[in-house]
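Beneath this line is the structure, given in structure tokens, with notes to follow.
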Amino acid sequence: MPKLHNHPQLNKNGELQHLLTIEGLPKAIIHHILDTAQSFVGISDREVKKVPLMRGKSVFNLFFENSTRTRTTFEIASKRLSADVINLNIQASSTSKGESLLDTIDNLAAMHADMFVVRHAQSGAPYLIAQHLNRMGQNDIHVVNAGDGRHAHPTQGLLDMYTIRHYKQDFTKLRVAIVGDILHSRVARSDIHALTTLGVPEVRAIGPQTLLPSGLEHMGVRVFNNIEEGLKDVDVIITLRLQNERMSGALLPSAQEYFKSYGLTPERLALAKPDAIVMHPGPMNRGVEIDSAVADGKQAVILPQVTFGIAVRMAVMSILAGGRA
Amino acid sequence: MPTTNIDFDAEALYRTLLEQVRTGLAGVTDAAIVGIHSGGAWLAERLAGDLDLKDRLGFIDVSFYRDDYAKKGLHPDVKPTHIGFNVDGATIVLVDDVLYTGRTTRAAINVLFDYGRPQCIRLAALADRGGRELPVAPDFVGVRTTLQSGQSLSLARDGAGQLSLTIEDDNAETA
């Protein structure tokens, strides 16, 4: 029983029941998701961009926090799997009338939902929903965390891993740098867990001290406050968005000042390996964390990330929906 | 009745199949070969080489089209589907190693139609073991045989590309 609480995302056979976080996810499951995604990549190039796998299943997009891009990619992924997608505009619905989160979930479960894709500003909200469903015996309803607070954004982490594997093949020889606002970034956290699990020998975090969480070293990460030092000889650069809307208090002097110290410019990119790739989870702030010349340059793989993201989400959803409770 | 546990000469069956397909495709201008992973893909590769159709070769994995997904979940080892030619108007020889219930064939036909509208699809199988559950029949077949329900036929390929077909006793269903 305690096991259930430790890993509410795995069922008793160790199979994926919900996708809540990459932390603690076995390497084999990550590789299985990436391999499956590879088979989904080609579908978007076909005459009919759909497979019948989730025909008749209902996917509810529950976005308690705004995100056009992530919601859209989940919607596209669901539709390419032939599922029916219902987008709930939470701000305008029952929760604003005072209904509790779990009452909302119970109501949707009573409508025979098969999957909830949950984005929430509170860390842990998808866990709460998954545990509630498990407790209620609703084992055939699956939860996908589409970003919770500062905690995790597992599908973004997985699509980043897919992108790295696509361009660099072998994880065990790489030096990967994550640059920017790591403190507020669930993407960074998911990436660090995934990179470590997949055997990347050197993960670096680069940013001003005020935007780096404490304890990064315990996650096996090398910390750099100087971007020039941190970018030296890296194979992969993951640039993070400066999360203005999360910024409370004066952690930074100004966006211009940030660009001067930490913006990814062509000169700084030249310090990395010549074949280094540049990634960004989007949306980009040009001239804040990344220079336009880099964002549009030939080392940038930011748009392929978006394309791979659909295949990765299709893989996650089809693995979950096909799982037996 | 005890089963005769004889194995087959897969290379001889392949030659039989090749000649049937060669005859069947005589005069066809828009021919293509598509193999179903994994055994059918090996056979399709050989056929495409022997029939000079290497640029008209495709592979499909039917995992995303199977009718037992809801029961069994996603196959753990999905291989990429690749069809690099224009399916519209093509005469496609769909190749599988062992034809049994017909469900894999049904799924494979659905895959092909999501790539376009072929002129026609012909079905080739190295072995037909009977037991059909759908109205599916092969156009080209290496051998017809009858197996007991607890048995399956398994195609293997060694490092040199040589094929072997053996009867295995298990309870695993081949679709």
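Just so you know, the sequences run in chain order A and B. Residue numbers for the first sequence, in our numbering: 957 to 1281. Residue numbers for the second sequence, in our numbering: 2 to 176. We treat Cβ as the ideally placed atom computed from N, Cα and C, and that holds for glycine. Model, not experiment: these values are computed from the prediction.
{"Check": "In chain order, what residues of the same chain lie with their CB nearer than 7 Å to the CB of Gly132 (chain B), ignoring the 5 residues before and after it?", "Outcome": "Tyr101, Thr102"}
{"Check": "What are the residues that DSSP puts in a beta bridge with Glu1158 (chain A)?", "Outcome": "A:Arg1131"}
{"Check": "Since Pro1222 (chain A) meets chain B, which of its residues come closer than 7 Å, beta carbon to beta carbon?", "Outcome": "Within chain B, no residue comes near Pro1222 (chain A); the closest Cβ sits about 35 Å away, beyond 7 Å."}
{"Check": "Can you check whether the C-beta of Ser1274 (chain A) is within less than 9 Å of a C-beta belonging to chain B?", "Outcome": "yes"}
{"Check": "To the nearest angstrom, how far is it from the Cα of Val1268 (chain A) to the Cα of Ser1034 (chain A)?", "Outcome": "11 Å"}
{"Check": "Do you know offhand how far His1109 (chain A)'s Cα is from Phe86 (chain B)'s?", "Outcome": "38 Å"}
{"Check": "Assuming Leu1187 (chain A) and Ile1194 (chain A) are in contact, meaning their beta carbons sit under 8 Å apart, how far apart are those beta carbons, in whole angstroms?", "Outcome": "In fact, because the Cβ distance is near 12 Å, the residues do not count as touching under 8 Å."}
{"Check": "Go ahead and label Gly40 (chain B) buried or exposed: buried means 16 or more other beta carbons lie within 10 angstroms of its beta carbon, across all protein chains shown.", "Outcome": "buried"}
{"Check": "With H, G and I counted as helix, E and B as strand and the rest as coil, what does DSSP make of His1098 (chain A)?", "Outcome": "strand"}
{"Check": "Using a Cβ cut-off of 9 Å (strictly closer), state whether Val997 (chain A) contacts chain B.", "Outcome": "yes"}
{"Check": "Considering only residues of the same chain and omitting the five flanking positions on each side of Arg1178 (chain A), which have a CB-CB separation below 6 Å?", "Outcome": "Arg1160"}
{"Check": "Straight-line CA distance for Glu1021 (chain A) to Ser1056 (chain A)?", "Outcome": "16 Å"}
{"Check": "Look at the alpha carbon of Asn111 (chain B) and the alpha carbon of Ile61 (chain B), and state the distance between them as a whole number of angstroms.", "Outcome": "11 Å"}
{"Check": "For Asn1287 (chain A), tell me which candidate among A:Gly1136, A:Leu966, A:Ala1102 has the shortest Cα-Cα distance.", "Outcome": "The question about residue 1287 (chain A) has no answer, for chain A in this structure spans 957 to 1281."}
{"Check": "Among A:His1149, A:Leu1196, A:Ala1102, which has the Cα closest to the Cα of Pro1164 (chain A)?", "Outcome": "A:Leu1196"}
{"Check": "Name, going along the chain, the residues of the stretch 78 to 98 of chain B whose beta-carbon falls closer than 9 Å to a beta-carbon of chain A.", "Outcome": "Asp78, Val79, Lys80, Pro81, Thr82, His83, Ile84, Val88, Asp89"}
{"Check": "Suppose the cutoff is 7 Å on Cβ atoms and the five residues either side in sequence are ignored; what does the same chain contact list for Glu134 (chain B) look like?", "Outcome": "Thr102, Gly103, Arg104"}
{"Check": "For Met1117 (chain A), name the three-state secondary structure that DSSP assigns.", "Outcome": "helix"}
{"Check": "Helix, strand or coil for Leu164 (chain B), going by three-state DSSP, please let me know.", "Outcome": "strand"}
{"Check": "Please state if the CB of Arg130 (chain B) and the CB of Thr146 (chain B) are separated by a distance shorter than 9 Å.", "Outcome": "yes"}
{"Check": "Since Ala126 (chain B) is in the alpha helix (DSSP H), which residue starts that stretch and which ends it?", "Outcome": "That residue, Ala126 (chain B), is in no alpha helix (DSSP H); its beta strand (DSSP E) goes 121 to 129."}
{"Check": "So, is Asn969 (chain A) buried or exposed, given that buried needs 16 or more other C-beta atoms within 10 angstroms?", "Outcome": "exposed"}
{"Check": "Could you tell me which chain B residues have their CB closer than 8 Å to the CB of Thr992 (chain A), listed as they occur along the chain?", "Outcome": "Leu75, Val79"}
{"Check": "With a threshold of 7 Å on Cβ separation, who are the neighbours of Phe1030 (chain A) within its own chain once the five nearest residues in sequence on each side are excluded?", "Outcome": "Asn1017, Val1073, Ala1102, Arg1269"}
{"Check": "Assuming the contact rule is C-beta atoms closer than 8 Å, Ala1133 (chain A) and Ile1162 (chain A) should be a hit. Round their C-beta distance to whole Å, please.", "Outcome": "6 Å"}
{"Check": "Can you look up Gly1080 (chain A) in the DSSP assignment and give me helix, strand or coil?", "Outcome": "coil"}
{"Check": "Give me the Cα-Cα distance between Ala1039 (chain A) and Leu1220 (chain A), rounded to the nearest whole angstrom.", "Outcome": "40 Å"}
{"Check": "Can you give me the C-alpha to C-alpha distance between Ala108 (chain B) and Ala125 (chain B), rounded to a whole angstrom?", "Outcome": "15 Å"}
{"Check": "From what residue to what residue does the beta strand (DSSP E) around Asp1147 (chain A) run?", "Outcome": "That residue, Asp1147 (chain A), is in no beta strand (DSSP E); its alpha helix (DSSP H) goes 1142 to 1153."}
{"Check": "If I'm right that Arg1224 (chain A) touches Glu1184 (chain A) with Cβ under 8 Å, what's the distance once you round it to whole angstroms?", "Outcome": "7 Å"}
{"Check": "Is the Cβ-Cβ distance between Ser1217 (chain A) and Phe996 (chain A) less than 9 Å?", "Outcome": "no"}
{"Check": "Just to make sure I have the definition right: I need the residues of chain A whose C-beta is within less than 9 Å of the C-beta of Tyr66 (chain B). Which are they?", "Outcome": "Val1007, Pro1008, Leu1009"}
{"Check": "Contact criterion: CB-CB distance below 9 Å. Does Gly143 (chain B) meet it with respect to chain A?", "Outcome": "no"}
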